[in-house]
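Reviewing the structure listed below.
In the UniProt record's numbering, the protein residues as written are 1 to 306.
In structure tokens form, the structure reads like this:
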């Protein structure tokens, strides 16, 4: 991992890299950082398309190692710098791309390039980016589009944009994170779930703080708990205030569920939790939940916890 501020040109020898992470460097990463790193990694035109850094071994170069993980999470990186950096690494072997917090990246050309250059991405994190809904050739299995608490007033992701993106990758999508995206209403969530036909295993539609808690009704939960969603192993409904007790009880239909977040859900009370637990223990082949979050569920008492 490479921190911001390092003099890349002064480095005497480069290791063979399959991962470049600028995550811990934070906002100290700028356009100049990416340009300098790009020049150091691409000293030989013959290996420019292999997306690697190599160590000189006598008169020979070691076989290049394709870059598989790239993390660039900084508010100070522009669209032009990102596009230049990605063009230099147009290698289809990249499977993980994280651009979380790249808030200055907002041009549709950039997001379209991601899909065109990296058609085999499995994990794509565009959290806090002003996504233009333009990822035509990318079909990730993991998609993170959540908004941070600091950007709750921006509402960077709405129902139309989300549907545009998921319609292109829904048949492959396994994990989807849209927490804190208040501009996505119930209809948007329902349409998104219908587009996820590949067996979604993790879905986060909650909110991290009271100002980000959303109004999600039982109609959304009915689709989540339908027989076609039994592959879900992780579900977060944190702060979904309009879910009622019968909706909570229906979660027992998710027979593969292992991680459940019901913090601040109004429908969590003694009766609904008892009903859910009875279903889990009724011999339906469910081994049981491994982690449950009932924080801020003020109507849940001792009887329900038993």
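For glycine and all other residues, C-beta sits at the position ideal for the given N, C-alpha and C.
Which of helix, strand or coil DSSP assigns to residue i
i	result
residue 243	coil
residue 71	strand
residue 116	helix
residue 228	helix
residue 194	helix
residue 302	helix
residue 259	strand
residue 177	strand
residue 48	In this prediction, residue 48 scores a pLDDT of 30, lower than 50, which makes its location untrustworthy; no coordinate-derived value is stated.
residue 223	helix
residue 95	coil
residue 284	With a pLDDT of only 47 at residue 284, under the threshold of 50, the placement of this residue in the model should not be trusted, and no figure is reported.
residue 182	coil
residue 2	In this prediction, residue 2 scores a pLDDT of 43, lower than 50, which makes its location untrustworthy; no coordinate-derived value is stated.
Pick from the options that is closest to residue i, judged by C-alpha positions
i	options	result
residue 184	202, 168, 216 and 255	216
residue 30	94, 269 and 103	103
residue 268	302, 106, 140 and 84	302
residue 296	240, 276, 218 and 246	240
residue 81	251, 250, 147 and 110	110
residue 190	32, 223 and 162	223
residue 160	187, 305 and 93	187
Proximal residues to residue i (C-beta, below 7 Å), its chain only, five neighbours per side dropped
i	result
residue 198	170, 171, 172, 173 and 174
residue 277	none
Contact check, residue i vs residue j, beta carbons under 8 Å
i	j	result
residue 231	residue 261	no
residue 272	residue 245	yes
residue 265	residue 248	yes
residue 92	residue 125	no
residue 71	residue 98	yes
Whole-number beta carbon distance between residue j and residue i, since they are thought to touch under 8 Å
i	j	result
residue 139	residue 168	7 Å
residue 180	residue 148	7 Å
residue 193	residue 225	About 11 Å; that fails the 8 Å criterion.
residue 178	residue 205	6 Å
residue 300	residue 270	6 Å
Sequence-distant residues of its chain with Cβ nearer than 8 Å to residue i (five each side left out)
i	result
residue 233	201, 202, 256, 257, 258 and 259
residue 285	Since pLDDT at residue 285 reaches only 36, below the 50 mark, its modelled position is unreliable, and no value is offered.
residue 136	Residue placement at residue 136 is flagged as unreliable, the pLDDT there being 43, under the threshold of 50; the coordinate-derived value follows with that caveat. Excluding sequence neighbours, residue 136 sits near 112, 115, 116 and 168.
Beta-carbon contacts of residue i that lie in its chain and below 6 Å, excluding the five residues immediately before and after
i	result
residue 106	130
residue 157	145 and 181
residue 196	170 and 173
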